[in-house]
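So the structure is just underneath, and the comments pick up after that.
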Amino acid sequence: MDRTGTQHLPRRRENGIVAQEISDEVLVYDLDTHKAHCLNPTAALVWRKCDGKTSVRNIALLVGQELNASVNDEVVWLAIDQLERRHLIEKRPAQLPPPGLSRREVMRRLGLATAVALPLVTSLMAPTPAQAATCTPNGQACSTSAQCCSGICSSNVCAASLF
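Note that the working numbering gives residue 162 to position 149 of the sequence shown, counting from 1, and the numbers run on in steps of one.
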């Protein structure tokens with residue numbers, strides 16, 4: 014396997030997602046899975062640089078320049094692995110690094126001081142429209158008590174709670 018990162022050209026997914034930059038992080042919403050992913054500054058930089066033309070080695074150099082820190086290929090591979098597991102990478106690199114590359118392993122290899130710069134992608138499941146719907150106020154039409162803010166549907170009208 015080529016571990017130099019010169020032959021790997023990852024490309025971020027652009028179809029079926031909505032991305033919003035928030036300060037130095039990126040919030041990515043997957044329209045297919047209805048999951049939101051928050052990319053910390055390092056993961057966001059890596060994701061932005063995954064254009065299908067830039068090698069892992071060059072991504073590491075570019076991210077290092079932007080962070081004003083030394084970033085090695087393992088940090089980029091860790092980000093790519095996290096992004097790929099969440100289907101945010103469209104063009105998967107031909108070969109990924111050895112299995113088992115984890116944040117803990119990278120911290121052990123690079124030292125605890127590097128932990129702050131390690132990429133992190135956190136995910137949330139967005140509620141379905143039915144789950145996100147608001148309740149029906151008192152005096153409005155209803156068919157079940159579950160629709161009413163008060164929890165009481167009486168004669169097909171949301172009624173006020175007695176308490």
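Where a beta carbon is used, it is the ideal one built from N, C-alpha and C, also for glycine.
A residue is called buried once 16 or more other Cβ atoms fall within 10 Å of its Cβ, and S168, having fewer, is exposed. Judged by DSSP in its simplified three-state form, R99 adopts coil rather than helix or strand. In terms of CA proximity to A56, L131 leads the group L131, V69 and G77. E103 sits close to R24, with the two beta carbons spaced by under 8 Å. Taking C-beta atoms as the reference points, A159 and I165 fail to come closer than 8 Å. Runs of the beta strand (DSSP E) lying entirely within the stretch 19-100 and spanning at least 3 residues, in chain order: 30-35, 38-43 and 48-52.
Inter-residue distance for G29 and S174 is about 44 Å (C-alpha atoms, whole angstroms). With a contact defined as Cβ atoms closer than 8 Å, Q33 and L44 miss out at about 13 Å. Residue burial is scored here from C-beta neighbours: H47 has fewer than 16 other C-beta atoms within 10 angstroms and is therefore classed as exposed. Contact between L58 and E27 does not hold, since the beta-carbon distance rounds to 17 Å and is not under 8 Å. A buried status is given to I93, since no fewer than 16 other beta-carbon atoms sit within 10 Å of its beta-carbon. Annotated three-state conformation of A159 is helix, per DSSP. Secondary-structure assignment with DSSP links L133 through no beta bridge to anything. The Cβ atoms of L133 and N53 sit closer than 8 Å to each other.
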